[in-house]
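Asker: Residue numbers (mature numbering (1 follows the signal peptide of the UniProt record, and there is no 0)): -25 to -1, 1 to 672.
I'd like to ask you about the structure that follows.
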């Protein structure tokens, strides 16, 4: 039996659907004397209900259950929702696989199994395996017992070709032991991308809520290629004015009306469409004339061009009127545009608090200034995504470099007093390790933010994507961590009112030309009023860095930033991404494994850089203990950001003192010609206390 490895995480697998729609034939006909509907479903030939003579063969003979209201159409034991002759598809309702749990463990569950007839297959183009739930894995198996599945941090699986037998199973990694309170059940089902709506799904759904889901079957008349089927005209199903369509998925053929014809291709054939009677569908700017399978459209006298697209030119009588109207239109349009733009900019300026922010120390930019600085937000000036917008590099007239955050397009945005107040506070943040807000543009619906330009990219990029010289030495990693902690401590303790960053991650820590750390992106930040310890917000941030308590309660606290910072410390030590899973049978995440490490040998195996000596390893052990304290699942037991910053600051000073003394001794020994291993600095007096943890070396 094949096994499938997935990364465990809390999320709902979201699938972005791409839908291409094909119009069904305008006229759908049923064989004479046969029922044309069952309940709310039309039954076109080659299908039939009840009487075998109403369908093309036994595979297309359906049954109708009249005991329900409305009546339900069945193909075998599968409920039918829709039949399309033009597409050769049948939409059916299939049961959902599920498994449910409570605090004690598994409660109930169900797998699904479907086997289709010779003329039917699961359509690979519209069906996708979809999984709903936290800690959930969905598996599918075909008749060859080949597994394919979907689960945490995986995309939806497309179906393979020729699939006639399908078994779907829903499984859990840990019996929902962490999530059963709000997500008691996991579900796996085959969904039609056209009708699937993610907003219909809820994490607390029960099997009764998601009993069935629509899937799409593809059907063919016979399992033969078109040339082979056409050899026997007595059994060949396609009639006049039709085309034979071969399905690679179903290994058979079906029929379709030719372009310009409509009807049922399996009965008396398809009839010509009179395009001139339907001008909304078939455009004609002139005189329309129907032809067999097509139509012509001639432009009016004095005009030329393709009447189906556009006729060009003017009648002589219309020229004077058109010229006069055009001149008036141009003048009035230009005046309207100028006046409208001016009024819009003025309105946006006042709405965005321009009169208030004019008195602050930030610079107010015009929309035209920033458009010129970024070359109209050209793609080669794009730096990345951050918070609620995209960030572009800008060059001001004095050649100063800036970073311009441009909001994404919104239909209607109301900038209220709280947002204006937040901008007012951020504009006053003044710390060497926080990206400085230089100015604003208030002429747009949502203000454009102008920050200082930080040239060396993100810490995330240096850790995970390039072999960065900035991170070769332990002292550089220690310094960057201490600088970041100092910035977060400033936001928590010295800003008025205090600011909780809300999205602390290595991608939001920028490095300047001297590799100094600067905290950026306040798109998820919140202001904390006096006397408050937490703020209830919608869950936002980046998975892997999010505080488990914040995920479960929705209450953001300063300790949430501490947890996220602890994840960054692990990144600096291990070089691994937060969602990384170690190659072990237990599938332990790097964060959980790191928290369980004991002793320097076990810790040294996780490091992603060379350790110079035993003293440096002792510093790393203290650094690791600080990270573990930050990663405590209980926010109350975590240290404050001030305690973390002070601990890292002391560790940095210790490292610098050791380096200084080593250099002095090395120089002295070199001058005396007696250079040898020596270390007289007594580090036993250095003590670090973070929260409930005290370590001495």
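Ideal Cβ positions, reconstructed from N, Cα and C, are used throughout, including at glycine.
Examine chain C for any beta-carbon lying closer than 8 Å to the beta-carbon of residue 104, and answer yes or no.
Answerer: This model lacks chain C altogether; it includes just one protein chain.
Asker: Three-state secondary structure (DSSP) at residue 196?
Answerer: Correct three-state label for residue 196: coil.
Asker: With burial defined as no fewer than 16 other Cβ atoms inside 10 Å of the residue's Cβ, what is the status of residue 477: buried or exposed?
Answerer: Buried is the call here.
Asker: Let me check one thing: in DSSP terms, what residues is residue 279 bridge-paired to?
Answerer: The partner list for residue 279 (beta bridge, DSSP) reads 287.
Asker: Report buried or exposed for residue 263, applying the criterion of at least 16 other Cβ atoms within 10 angstroms of its Cβ.
Answerer: Buried.
Asker: Taking the C-alpha atoms as reference points, what is the distance between residue 588 and residue 574?
Answerer: For residue 588 and residue 574, the distance between alpha carbons rounds to 16 Å.
Asker: Short of 7 Å in beta carbon distance, which residues of its chain neighbour residue 649, apart from the five on each side in sequence? Order them along the chain.
Answerer: Model confidence at residue 649 stands at a pLDDT of 44, short of 50, so the residue's coordinates are unreliable and nothing is read from them.
Asker: Throw me the rounded Cβ distance for the residue 48 and residue 13 pair, which I believe falls under 8 Å.
Answerer: Rounded, the Cβ-Cβ distance is 4 Å, consistent with contact.
Asker: According to DSSP, what are the bridge partners of residue 75?
Answerer: Answer by DSSP bridge pairing, in chain order: 83 and 160.
Asker: Buried or exposed for residue 277, going by 16 or more other Cβ atoms inside 10 Å?
Answerer: Result: exposed.
Asker: Considering just the uninterrupted stretch of the beta strand (DSSP E) at residue 264, what are its terminal residues?
Answerer: Residues 262 to 266.
Asker: Would you decide whether residue 315 is buried or exposed? Buried here means 16 or more other CB atoms lie within 10 Å of its CB.
Answerer: It is exposed - the Cβ of residue 315 has fewer than 16 other Cβ atoms within 10 Å.
Asker: Thinking C-beta only, is residue 591 closer than 8 Å to residue 578?
Answerer: No, they are not a contact pair.
Asker: Would you mind working out which of 318, 191, 538 and 180 sits nearest residue 166, comparing C-alpha positions?
Answerer: For residue 166, the nearest C-alpha among the options comes from 191.
Asker: If you measure between the beta carbons of residue 460 and residue 616, is that distance less than 8 Å?
Answerer: A contact, by the Cβ cut-off of 8 Å.
Asker: List, from N- to C-terminal side, the alpha helix (DSSP H) runs of 4 residues or more that fit wholly inside the region 493 to 529.
Answerer: Whole alpha helix (DSSP H) segments, 4+ residues: 523 to 528.
Asker: Between which two residues does the alpha helix (DSSP H) holding residue 438 run?
Answerer: Note, residue 438: alpha helix (DSSP H), 434 to 439.
Asker: Could you check whether the region 96 to 112 touches the region 184 to 200, counting it as contact only if at least three pairs of C-beta atoms, one from each stretch, sit closer than 8 Å?
Answerer: The region 96 to 112, when compared against the region 184 to 200, does touch it at the 8 Å Cβ threshold.
Asker: Taking 8 Å as the cut-off, does the region 426 to 439 touch the region 601 to 610 (at least 3 CB pairs, one atom from each stretch)?
Answerer: With a cut-off of 8 Å, the region 426 to 439 and the region 601 to 610 do not count as touching, because too few Cβ pairs lie within range.
Asker: For the alpha helix (DSSP H) that residue 455 lies in, which residues bound it at each end?
Answerer: Note, residue 455: alpha helix (DSSP H), 449 to 468.
Asker: Measure the Cβ-Cβ separation of residue 543 and residue 479 and say whether it is below 8 Å.
Answerer: Yes, Cβ-Cβ distance for residue 543 and residue 479 is below 8 Å.
Asker: Just how far apart, CA to CA, sit residue 625 and residue 519?
Answerer: About 28 Å.
Asker: Can you give me the C-alpha to C-alpha distance between residue -1 and residue 233, rounded to a whole angstrom?
Answerer: Caution applies to residue -1, whose pLDDT of 38 falls short of 50 and renders its modelled position unreliable; the value that the coordinates give is listed next. Rounded to whole angstroms, residue -1 to residue 233 spans 11 Å at the Cα level.
Asker: What three-state label does DSSP hand residue 247 in the structure shown?
Answerer: Strand, per DSSP.
Asker: How is residue 580 classed by DSSP in three states: helix, strand or coil?
Answerer: In the structure shown, residue 580 sits in coil (DSSP, three-state: anything other than H, G, I, E or B).
Asker: Mind checking which residues open and close the alpha helix (DSSP H) that includes residue 592?
Answerer: First-last of the alpha helix (DSSP H) with residue 592: 589 to 605.
Asker: Whole angstroms are fine: how far does the CA of residue 116 sit from the CA of residue 139?
Answerer: Roughly 11 Å between the two C-alpha positions.
Asker: Under 8 Å between the Cβ atoms of residue 182 and residue 75?
Answerer: Yes, they are a contact pair.
Asker: By the DSSP assignment, the beta strand (DSSP E) with residue 217 in it spans what residues?
Answerer: Run containing residue 217: 217 to 222, per the beta strand (DSSP E) assignment.
Asker: Excluding the 5 residues preceding and the 5 following residue 499 in the sequence, name in chain order all residues of the same chain whose CB lies nearer than 7 Å to its CB.
Answerer: Only 362, 477, 478, 515 and 516 meet the Cβ criterion.
Asker: Would you call the region 431 to 439 and the region 487 to 501 in contact, with 3 or more CB pairs under 8 Å?
Answerer: Output reads yes: the region 487 to 501 touches the region 431 to 439.
Asker: Alpha carbon to alpha carbon, how far is residue 566 from residue 537?
Answerer: About 14 Å.
Asker: State whether the region 294 to 306 contacts the region 254 to 273, with contact taken as three or more CB pairs (one from each stretch) at a distance under 8 Å.
Answerer: The region 294 to 306 is not in contact with the region 254 to 273.
Asker: Please report the straight-line C-alpha distance between residue 261 and residue 248, rounded to a whole angstrom.
Answerer: Near 19 Å, if we compare the C-alpha coordinates of residue 248 and residue 261.
Asker: Please list the terminal residues of the continuous alpha helix (DSSP H) segment that includes residue 533.
Answerer: Unbroken alpha helix (DSSP H) run through residue 533: 533 to 549.
Asker: Run the CB neighbour count on residue 546, radius 10 Å, all protein chains shown included, and call it buried at 16 or more, exposed below.
Answerer: With 16 or more other Cβ atoms within 10 Å, it is buried.
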